[in-house]
Every structure is written in structure tokens, then in C-alpha cells.
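Written below as C-alpha cells is the structure these notes are about.
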Amino acid sequence: MIYSKRKLLTTFTLCGSLLALSGCGSTSNESAQKTVAQNSAPNNIIMVVADGMGPAFTTAYRNYVDDKNTPEVDAVVFDDILMGNASTYPAPVSGYVTDSAAAATALASGVKSYNGAIGVDVDKQPVKSVMHYAKLKGMRTGLAVTSQIVHATPAAYIAHNESRQNYNAIADDFFDVRVNGELVADVMLGGGTDFFEREDRNIIGEFIDADYEYTDTYNRLATVPKGSNVLGLFAPVALPAMLDDSRDNRLKYLTEHAIKHLENDNGYFLLVEASQVDWAGHANDIASAMAEMQDLAYTIEFLKTYVQAHPDTLVILTADHSTGGLTIGARGDYSWSPEYLHNLKASLGTIAKNMVEHDNPGDYVATTFGFDVTDEEIATLDSIAQQDVKARFNALKVFLDNKTNTGWTTSGHTGVDVEVFAFGAGHDDFMGQIDNTDIAKKIFNFIDNRNTTTQGISTNVELIKATDKKDGTNASCDFKENWRCN
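Under my numbering, the first residue of the sequence shown carries the number 127, and numbering increases by one thereafter.
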């Protein structure tokens, strides 16, 4: 292929000092400036973002999995790794309540920005992420998410765009943004085929030409040779909800395979996102919220075992914000009954869609819920089937909220602090009350204190665009074996 190179709006010069990396001249707080001893700096860094996971979600999960046959509420996988809290507010122009884009930009770059910003500051100028810096330092880099990979959180680690809604342009950046001429991410796993294989551009084919293995099924991912560069897109947009997916541990599976391809002597940086905790919160869907939290818990359990075998690895887990204003107990009733959520066989969205296909929809819903319902409740569920699909979905949510006594305060985000968890090499640096930007600054510090041969190097992060024919098609089409080549 023929490429033309052009600089971004502002040339990224990677400054020699870490302070410059956090904003090229901005002041970082005392905790972010903490010197990391060389022998404590991790070789591998895994950043886990549970999108939308406010403190109520972790408490609810503990109660959800609790064994009622024991007198105490049992500890869960999150409890012994809790370090403290992080504030989440965006740049002042957006007030006190952040969206995922501004929060992801803060977590990725250490820079506060406006709601909707993807890897740019309040002046819409590109900022440098920890993934860019890890690539510069010779680390392998990757991401594994349950949303489309161009969604706000993963996008902010690679792309630069004034609006999170510009999915196609963000997808372009996944191929076009380079660090020292190299693609930013070596491994990308999640959803989003629709954004990478379009009429105007076949980015999947371009990745194949760049010697990336491409897979669109979970099973084929398992056959990709270890250490490969991989683009794995397993759905047109996002992956199915946890309750609907063919794998009951999909995030763990993607994380495990991402690590398999990233492991090397010089270390790696991996972003993992439990994306759909947030979507359950937006929908006020307690069933999916707990299922997505279970998916996250499987992943953290795997990572704990991994860190035991690889003690030079640091794992950080936090949320970008809290979503939905979840309350454990509602309507003045001091109770919560998560046992009604234990045996669901499908998500509420799928149940709502399918119930009209059954002669006795109430019986179908009861069977899919997996718990006994009364004749009166069956009649209620039968009546729900006469409504449109959105109304059916909302009615099923209310039904489960009433059974469990779950409350919600909003369909949007809240401005509360979120929990910060960490384990492995250097995890103590995340202890106490910090800001979300401090997480990026600490990661920059860790990367900067590794034994690398590129310390202090200056470089440009460039945007590369393919030269197109006048008819809008690709200038060349040499995809391996003409695979999906138009």
C-alpha cells in the first residue's frame, strides 16, 4: 500500500521527563511524583476498568454470591485488594459528573477533559496515553473489552477525537495512529466489526496486510499461535450480554488470550474493560449488573493466579464512574433478596424479545427466570406480553426490582468516588484517596522506571492515512489471499 504521513493537530514530542508526559509542563500532585524503586517497578501492567462500577455494585456482588448457610457475609475476590478511592470529576467545563470518555481520557493520560472527549484535552488537542508510552518503551500493548473496541474507554488509550460518537473515525485511528512508526496496540479483542469493515474502508484487511492475525470467533482465537499480533472482533458492535453469551467467562477468556500474545521479556501493558457493567446500570437492570460483575470476578480470580506465577506484574482495577445510582434496599424496606437473580437463563432484553413467541408467555418468563412465581404473578407476566418490546423490558426490570427490593436513582451517571483495587508489583502506590488522573501518572512512573534502552527518547506520534482511488476504494488490495478484499 501507498501511505502519506501527516502530523496530528499537535505534534506529540515525548518529553524526557515523566512530568512532561503527564501534560508537558503541568504540575502533578505529591503522590503522583513518588519515586518508584527500580526493583519494585512492574514489568507487566494490567489496567482493569469496570465501567460504571460504583461502590454499591461491589457490595451488591458480595451479597449476591453470599452463602446464606453461613452466619457472616463471605468475602469476595475484590475485598483483599481494596486500596482506596478515586475522585472522578471531569474538567470544570463539564461540572462534577463525568462521562466515560472524559474519565477514560483521565485514566489513560492523566489529563482532565470535557465529557465526550477521546484522548484530547479541553482545547481538543491530542494527549499522550500510557499505552502510547508503553509502546515507545518497547513494551507490547493490548486491550480486551466486552464493548466494541472503539467505545469510549478503549478508544481513549489509542485514538484522538473531539467526540466519542465518531466511531468510524476512531476506528481509523486504531490503524492510523503510530508510535515511532508502529501500530499502538499489538492485540485488540472485543466487538466492533461494523466499524472496521465498511464500504469506505476495510480496516480489517489493512491489519491483515500488517501481519495481524484476524479472528471473529472465540474458538478460532484459541488457535492463533502464541505471541501473535491479533485483531479479534467477535460481534458487529458489542459482545452479547453476559447472560446471553456463549461463554460464561468471556472477559476472563479474552484476558487470558491477550496475555498469551503479549508476554515477552520486555513486558507489556494491557487494558481490560468489563464494559457492560455500565450498560446494566444505565438500563437499571440488576440481573445483568450482577452477571457482568460475575464475569469481572472470574477475570480477577484468574489474574490473581497469574500474578502469583508472575510477581513482576501489577494489576489495577477501578471504575471510570458509577452508573444508575444502585441502592441495595429500596422503598423504605430494609431488605435485599438477590437469590431471585441466581438462575436466570437469559438477559431481560432477550426474555422481553422472545416472550411473545410463546403461547403462555408468563410460564416462559417464569421458567427463564428460574424461580417459582405465583398464579397472580403469571397473570401479570402474561399481560406484559401485550406491550411493545421496550415496555416489556421495562416491566420485567420492575418485576425483578420488586422481587429483590433493588433501587435506582438515575438512568445516568453519578458523581461519587469509585473504589481502587490493586495487587502485584508496586500495588501499594495506589493506597488512599487519589484522583483518577493519579492512576495514569503512577503508571507513567512505573513505565519510566523500567530497564529500557529508550529512556529519554524523543519521538513523534503520527497519523497515517491510506491514499484512496478517486472512486473511493482502496488504492491497493493485497490482503493475504484476497481475504474479504473488495
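Even glycine gets a Cβ: it sits at the ideal position worked out from N, Cα and C.
For residue j and residue i, the rounded distance between their alpha carbons
i    : j    : result
K254 : K352 : 29 angstroms
D574 : F525 : 52 angstroms
D249 : A417 : 39 angstroms
G550 : A270 : 20 angstroms
V544 : D374 : 26 angstroms
I128 : A548 : For I128, the predicted model reports a pLDDT of 28, less than 50, meaning its position is unreliable; a value from the coordinates is still stated below. About 45 angstroms.
L380 : F360 : 11 angstroms
V499 : A415 : 22 angstroms
E332 : N355 : 13 angstroms
A517 : D312 : 43 angstroms
G623 : D489 : Missing from the structure shown is residue 623; the chain here goes from 127 to 612 and no further.
G245 : I560 : 21 angstroms
L522 : K479 : 11 angstroms
D299 : Q512 : 45 angstroms
T540 : A227 : 15 angstroms
H408 : Q251 : 30 angstroms
R327 : R290 : 20 angstroms
S463 : G180 : 20 angstroms
S437 : E323 : In the sequence as presented, Ser is not what sits at residue 437; that position holds Pro. Between P437 and E323, the C-alpha separation is close to 40 angstroms.
N211 : S461 : 27 angstroms
M314 : I275 : 7 angstroms
H258 : A182 : 33 angstroms
N306 : K263 : 10 angstroms
L147 : N571 : No answer about L147 holds up, because its pLDDT of 39 lies below 50 and its placement is not dependable.
V202 : I454 : 17 angstroms
K568 : A336 : 32 angstroms
F497 : W405 : 25 angstroms
H615 : T349 : With the chain covering 127 to 612 only, the question about residue 615 has no answer from this structure.
Limits of the unbroken alpha helix (DSSP H) element including residue i
i    : result
G331 : I329 to D335
I412 : I412 to A435
S226 : S226 to S235
V382 : Per the sequence shown, the amino acid found at residue 382 is Glu instead of Val. Start and end: R376 to L388.
A521 : V515 to T530
CA nearest to the CA of residue i, picked from the options
i    : options                   : result
Y240 : H258, G221 and N410       : G221
G178 : T536, K567, F570 and A566 : T536
V174 : G407, D312, A423 and R373 : A423
E465 : N169, D193 and P168       : D193
P366 : T476, S213, F556 and M557 : T476
L474 : V515, N375, G264 and Y259 : V515
V199 : E323, R188, L208 and D205 : R188
G318 : A281, E502 and P487       : A281
G316 : A413, D302, H383 and F497 : H383
T614 : R576, H258 and A201       : Nothing can be reported for residue 614: it is not among the residues displayed for the chain, which extend from 127 to 612.
T494 : H484, Q434 and L470       : L470
Q420 : V433, T196, L233 and S401 : S401
V403 : T279, N520 and H286       : T279
Whether residue i touches residue j by CB criterion (8 angstroms)
i    : j    : result
T267 : F395 : yes
M447 : A229 : For the record, residue 447 in the displayed sequence is His; it is not Met. Yes; because the gap between Cβ atoms is below 8 angstroms, this pair is in contact.
N294 : F321 : yes
P216 : T224 : yes
E399 : S273 : yes
L452 : Y283 : no
Y344 : L357 : no
A186 : A445 : no
N531 : A413 : no
D370 : A472 : yes
F428 : M209 : no
M265 : G393 : yes
L377 : T431 : no
Opening and closing residue of the beta strand (DSSP E) in which residue i lies
i    : result
I573 : Here I573 belongs to no beta strand (DSSP E); instead the alpha helix (DSSP H) covers N562 to D574.
G358 : V356 to L359
Q274 : R266 to Q274
I171 : N170 to A176
A212 : L208 to S213
L396 : Y394 to A400
V546 : V544 to G550
(message) What ranges does the beta strand (DSSP E) occupy inside the segment 281–348, keeping only unbroken runs of at least 3 residues that lie completely in it?
(response) 303–305, 313–317 and 339–341
(request) Mind listing, in chain order, the continuous alpha helix (DSSP H) runs of no fewer than 4 residues lying wholly within the segment 444–501? (result) Fully enclosed alpha helix (DSSP H) runs of 4 or longer: 474–480 and 487–495.
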